[in-house]
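Engineer:
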Amino acid sequence: MPTTSPVSARSRRRGFSLIELLIAMLVLAILVALAVARYRNMKERGYLAEMKTDLGHLRIAEEAYWAEKGQYTADQSLLDFRAGSRVALTISISDPYAGYDADAVHVSAPTITCTMYVGRASATGTPSGEVRCQ
Numbered sequence: 655m656p657t658t659s660p661v662s663a664r665s666r667r668r669g670f671s672l673i674e675l676l677i678a679m680l681v682l683a684i685l686v687a688l689a690v691a692r693y694r695n696m697k698e699r700g701y702l703a704e705m706k707t708d709l710g711h712l713r714i715a716e717e718a719y720w721a722e723k724g725q726y727t728a729d730q731s732l733l734d735f736r737a738g739s740r741v742a743l744t745i746s747i748s749d750p751y752a753g754y755d756a757d758a759v760h761v762s763a764p765t766i767t768c769t770m771y772v773g774r775a776s777a778t779g780t781p782s783g784e785v786r787c788q
């Protein structure tokens, strides 16, 4: 008389069911979506940091120029300063003795602009020398 094993038919089956694979793929997709969103946020924060740093260095160079010449300049070649290769800086001066406005745009994030004004230049509601990004 042959003996039958008490092992059920389910336990003899090997591999994963379709539902188990779909659940694993769903969990993986959620984790990837979270990682991509976090990566984009980190990249944007990096762009902002680079623009703010360049504007801060510009402020120091402009103040050194003002201390030496008694006025500000919009010509970056006259300053002891070079912006990063991925940041475009624009300096606007209406009165070289009163102050200046400076805008920074990162080539990888052209929709974000950081602005700074120093002195009596056209104030945008921010304190002189403070960098604001939008």
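Numbering-wise, the numbering used here comes out as the position in the sequence shown, counting from 1, plus 654.
Note that CB positions come from ideal geometry on N, CA and C, so glycine has one too.
(1) By DSSP's criteria, alanine 756 is part of a beta bridge. Which residues make up the other side?
(2) Nearest by alpha-carbon distance to leucine 702: which of His760, Pro781 and Ile677 is it?
(3) Quick one: what does DSSP say alanine 763 is sitting in, helix, strand or coil?
(4) Have a look at the DSSP bridge pairing and note the partners of arginine 694.
(5) Can you tell me the Cβ-Cβ gap for alanine 756 and isoleucine 745, rounded? I've got them flagged as a contact below 8 angstroms.
(6) Name, in chain order, the residues that DSSP records as bridge partners for arginine 786.
(7) Thinking C-beta only, is threonine 707 closer than 8 angstroms to tyrosine 719?
(8) Out of Val785, Tyr754 and Gln788, state which residue places its alpha-carbon closest to the alpha-carbon of arginine 774.
Structural biologist: Per the coordinate set shown:
(1) Paired residue(s): Ile745 and Met770.
(2) The shortest C-alpha separation from leucine 702 is found at His760.
(3) Three-state result, alanine 763: strand.
(4) In DSSP, arginine 694 forms no bridge with anything.
(5) Under the criterion of beta carbons closer than 8 angstroms, alanine 756 and isoleucine 745 qualify as touching, at roughly 5 angstroms.
(6) DSSP output for arginine 786 lists Thr769 as bridge partner(s).
(7) Not in contact: tyrosine 719 and threonine 707 (Cβ atoms no closer than 8 angstroms).
(8) Comparing C-alpha distances from arginine 774 to each of Val785, Tyr754 and Gln788 shows the shortest one belongs to Tyr754.
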